[in-house]
Amino acid sequence: MTKKELTEILSYEQNVYKEYCYKTLYRCFMGFIKHEYVYQSMKWQKLARITDYYKYKIDHSRNPWYQLMYIFYIRKRNILAEKIGIEASTTNIGKGLLIYHSQGTVINGKAIIGENCSLHGNICIGNGGEADKDTPVIGNNVIIGTGAKILGGISIADNIKIAAGAVVVHSFNEPGITIAGIPAKRVK
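In my numbering, the protein residues as written are 1134 to 1321.
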């Protein structure tokens, strides 16, 4: 990852959050002053992306400056993550992620999430347990509702909506559908 790519991702994601919640400078300022969760999610996401950048640099260079910066940013990211209730890494998440509510969000570091995905609070994206170490692969433009659980080595196609409270344990490869229930089934 180059510095230019990092800048492009940060700019793109800042615009995603602006379109959702912070369309004016006044609204952005008020989000900061009121210490809103969405503002905090946006801040965490920026720190996570910068952390990914320095981790990439460490893996491809012996420069000690990158190690120092990585430690600085991962510490800041983790402190904020603990405060807002998110356990995740953006390493395998495409650009355009939008986290509406971070509380209780857990994403396995090996899960793959496509571009422009939206996450509501209290979700879990992870492996299927001790016997199943594989993690989900989620397509682009997927909306994941509050309390949804996506577990195991499954795949989710592009443009799928996952309803609140759904437990997804099987692959859904048809794009543009809505899934809901326990276990999740196609509903639309």
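Where is the CB? At the ideal position from N, CA and C, for every residue including glycine.
Of the choices the options, whose alpha-carbon is the least far from that of residue i?
{"i": "Lys1322", "options": "Tyr1233, Tyr1172, His1303, Val1320", "result": "Outside the shown range of the chain (1134 to 1321) lies residue 1322, about which nothing can therefore be said."}
{"i": "Thr1140", "options": "Ile1256, Asp1185, Tyr1170", "result": "Asp1185"}
{"i": "Tyr1155", "options": "Tyr1189, Tyr1233, Gly1272", "result": "Tyr1233"}
{"i": "Glu1146", "options": "Gly1227, Leu1284, Glu1263", "result": "Gly1227"}
{"i": "Glu1138", "options": "Lys1282, Tyr1189, Lys1209, Lys1318", "result": "Tyr1189"}
{"i": "Pro1269", "options": "Pro1308, Asn1225, Phe1165", "result": "Asn1225"}
{"i": "Ala1214", "options": "Gln1200, Val1239, Tyr1203", "result": "Val1239"}
Mapping DSSP to helix, strand and coil, what is residue i?
{"i": "Arg1182", "result": "helix"}
{"i": "Val1149", "result": "helix"}
{"i": "Ile1191", "result": "helix"}
{"i": "Ser1288", "result": "strand"}
{"i": "Lys1321", "result": "coil"}
{"i": "Val1275", "result": "coil"}
The beta strand (DSSP E) spanning residue i covers which residue range?
{"i": "Leu1284", "result": "1282 to 1284"}
{"i": "Gly1259", "result": "1257 to 1259"}
{"i": "Ile1166", "result": "From DSSP, Ile1166 is part of no beta strand (DSSP E) but of the alpha helix (DSSP H) over 1158 to 1166."}
{"i": "Ile1293", "result": "No beta strand (DSSP E) contains Ile1293, which DSSP labels as neither H nor E."}
What is the residue span of the alpha helix (DSSP H) that residue i lies within?
{"i": "Gly1229", "result": "Premise fails: Gly1229 is in no alpha helix (DSSP H) and is neither H nor E."}
Straight-line CA distance for residue i to residue j?
{"i": "Ala1296", "j": "Trp1198", "result": "44 Å"}
{"i": "Lys1151", "j": "Ala1317", "result": "32 Å"}
{"i": "Asn1273", "j": "Gly1247", "result": "4 Å"}
Any chance the CB of residue i is under 7 Å from a heavy atom of the ligand SAH?
{"i": "Asn1260", "result": "The ligand SAH is not part of the structure shown, which contains no ligands of any sort."}
Are at least three pairs of beta-carbons, each pair with one atom in the segment 1194 to 1202 and one in the segment 1174 to 1182, less than 8 Å apart? Of all C-beta pairs linking the segment 1194 to 1202 to the segment 1174 to 1182, fewer than three are shorter than 8 Å, placing the two stretches out of contact.
Using 8 Å as the threshold, is the segment 1251 to 1259 in touch with the segment 1205 to 1212, meaning 3 or more CB pairs across them? No, they do not touch.
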